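A.B. asks: I'd like to ask you about the structure that follows.
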Amino acid sequence: MAAPFTIGLIQMAPEKTVAASLEKAAGRIEAAAKAGANVVCLPELFATPYFCRTQDHDAFDLAEPIPGPTTNAMAQAAKAAGVVVVAPLFERRGPGCYQNSLAMLGPDGDHLGVYRKMHIPHDPGFEEKFYFAPGDLGFKTFATPFGPIGTLICWDQWFPEAARATALLGASVIFYPTAIGWHPSEKAEYGERQRDSWITIQRSHAIANGLYVAAVNRVGTEGSGAGYGETLEFWGSSFVADPSGQIVVQAGITAEDILLAEVNPQTIETTRRHWPFLRDRRIDAYGGLSRLYGE
């Protein structure tokens with residue numbers, strides 16, 4: 002059985018420039034490593050403001066290739082700290098083709114692979130279909146020196162099919178780098194309900210699949226004004242749930258933070274022996290899941 006390892010979650014807000022955000026992230030990675038982390042995850046699109054609040058053609062200039070400046074900088078940080086780094090970014094595939102992606106970077110600074118966000122939302126203030134093509138690499142679990150790591154991104158976190166597919170590829174933990182928050186006009190009426198639903202669905206993925214789930218959100222308020230797309234208040238609340246769905250560590254709503262949690266393969270083994278959901282799946286009866294709706 003593989004040995005336990007420690008994951009680090011970096012809850013942060015972007016700085017005013019990409020260069021400053023990369024420097025800040027590198028410092029947080031170093032701090033997490035010194036505290037004992039082996040695998041460190043940053044929030045979705047961590048190096049820039051959340052530009053998807055509106056439709057702006059100039060924002061495409063923020064995209065970059067893989068490898069490129071962000072992945073190179075985070076690979077250097079990974080190597081310096083001796084950790085695996087999950088580095089989300091706005092990926093430029095070619096003229097007019099962009100995706101919401103992440104790079105898995107090894108402790109030697111090597112590129113272990115890429116995941117591209119499979120589910121793309123499009124809501125007021127989250128205009129992501131304007132910017133991102135859907136992922137074309139399928140669901141992924143990466144072999145790392147510390148264990149098999151699954152990755153999904155933000156909107157993916159609402160889909161049990163995505164968590165299941167990733168778990169079936171052997172993941173011991175699924176990271177969900179995230180950028181989610183409140184619209185000011187909705188917060189008073191719906192805010193706590195929305196945040197609670199976000200936590201609950203991800204805890205349910207941990208239970209249903211008998212693995213660890215790590216949600217890594219950004220924090221802070223971006224924009225100004227009360228209308229949709231004008232302002233988003235990111236609600237932080239990054240957390241780790243264990244294979245029974247218990248929250249073992251969680252950050253606050255407003256402050257930047259570094260969270261640490263142990264991933265123990267023996268806990269996964271024990272939980273799945275007592276809750277054998279994977280054993281009892283009726284894989285012969287799930288053909289309807291490949292249809293959008295109905296018969």
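Sequential numbering of the sequence shown, starting at 2, is according to my numbering.
Every residue gets a Cβ at the ideal spot worked out from N, C-alpha and C, and that includes glycine.
Quantities reported herein were computed from a predicted structural model and do not represent experimental measurements.
Anyone know if the C-beta pair for R29 and I11 falls short of 8 Å?
C.D. replies: Yes; because the gap between Cβ atoms is below 8 Å, this pair is in contact.
A.B. asks: Rounded to whole angstroms, what is the Cα-Cα separation between H275 and P244?
C.D. replies: Cα to Cα, the separation comes out at about 11 Å.
A.B. asks: Quick check on K1: does DSSP put it in helix, strand or coil?
C.D. replies: It is not possible to answer for residue 1, since the shown part of the chain is limited to 2 through 296.
A.B. asks: Rounding to the nearest angstrom, what Cα-Cα distance links A88 and H123 in this structure?
C.D. replies: Using only the alpha carbons, I get a separation of about 23 Å.
A.B. asks: Mapping the DSSP letters down to three states, classify W199 as helix, strand or coil.
C.D. replies: In this structure, W199 counts as helix in the three-state DSSP scheme.
A.B. asks: Identify every residue that forms a DSSP beta bridge with W236.
C.D. replies: Answer by DSSP bridge pairing, in chain order: V220.
A.B. asks: How would you label Y177, buried or exposed, when you count the other beta carbons within 10 angstroms and need 16 or more for buried?
C.D. replies: Y177 should be labelled buried.
A.B. asks: Take Y51 and list the residues in its own chain whose beta-carbon comes closer than 6 Å to its own, dropping the five residues that flank it on each side.
C.D. replies: So the qualifying residues of the chain are A180 and E223.
A.B. asks: What does the alpha-carbon distance come out to for the pair L212 and G107?
C.D. replies: C-alpha separation (whole angstroms): 22 Å.
A.B. asks: Between Y116 and F133, what straight-line distance do the alpha-carbon atoms span, to the nearest angstrom?
C.D. replies: Their Cα atoms are separated by approximately 13 Å.
A.B. asks: Please list the terminal residues of the continuous beta strand (DSSP E) segment that includes A104.
C.D. replies: Per DSSP, A104 belongs to the beta strand (DSSP E) from C98 to L106.
A.B. asks: Give me, in chain order, the residues of the same chain whose beta-carbon lies closer than 6 Å to that of V41; leave out the 5 immediate sequence neighbours on both sides.
C.D. replies: G9, I30, A33, V84 and V86, listed in sequence order.
A.B. asks: Would you tell me roughly how many angstroms separate the C-alpha atoms of Y99 and K141, rounded to the nearest one?
C.D. replies: Going from the Cα of Y99 to the Cα of K141 covers about 19 Å.
A.B. asks: Are at least three pairs of beta-carbons, each pair with one atom in the segment 233-253 and one in the segment 200-220, less than 8 Å apart?
C.D. replies: The segment 233-253, when compared against the segment 200-220, does touch it at the 8 Å Cβ threshold.
A.B. asks: Looking at P149 and A163, is the spacing between their C-beta atoms short of 8 Å?
C.D. replies: For A163 and P149, no; Cβs fall outside 8 Å.
A.B. asks: Per DSSP, R117 forms a beta bridge with which residues?
C.D. replies: Note: R117 sits in a beta bridge opposite S102.
A.B. asks: Three or more C-beta pairs under 8 Å: does that hold for the segment 182-191 against the segment 224-241?
C.D. replies: Verdict: yes, contact present.
A.B. asks: Beta carbon of L103, beta carbon of F143: below 8 Å?
C.D. replies: No; because the gap between Cβ atoms is not below 8 Å, this pair is not in contact.
A.B. asks: Determine whether the beta carbon atoms of A60 and L23 lie at a separation below 8 Å.
C.D. replies: No; because the gap between Cβ atoms is not below 8 Å, this pair is not in contact.
A.B. asks: Grouping DSSP H, G and I as helix and E and B as strand, with all else coil, what is Q12?
C.D. replies: In the structure shown, Q12 sits in a strand (DSSP, three-state: E or B).
A.B. asks: Find the nearest neighbour of G139 within the set A64, Y287, R165 and R282, judged by alpha-carbon distance.
C.D. replies: For the residues A64, Y287, R165 and R282, the minimum Cα distance to G139 belongs to R165.
A.B. asks: Near P125, what residues of its chain come up, given a Cβ to Cβ distance below 7 Å and the 5 sequence neighbours on each side ignored?
C.D. replies: Hits under 7 Å: Y229 and G230.
A.B. asks: Near M2, which residues of its chain fall below 8 Å by C-beta distance, leaving aside the five closest residues on each side in sequence?
C.D. replies: P266, Q267 and E270.
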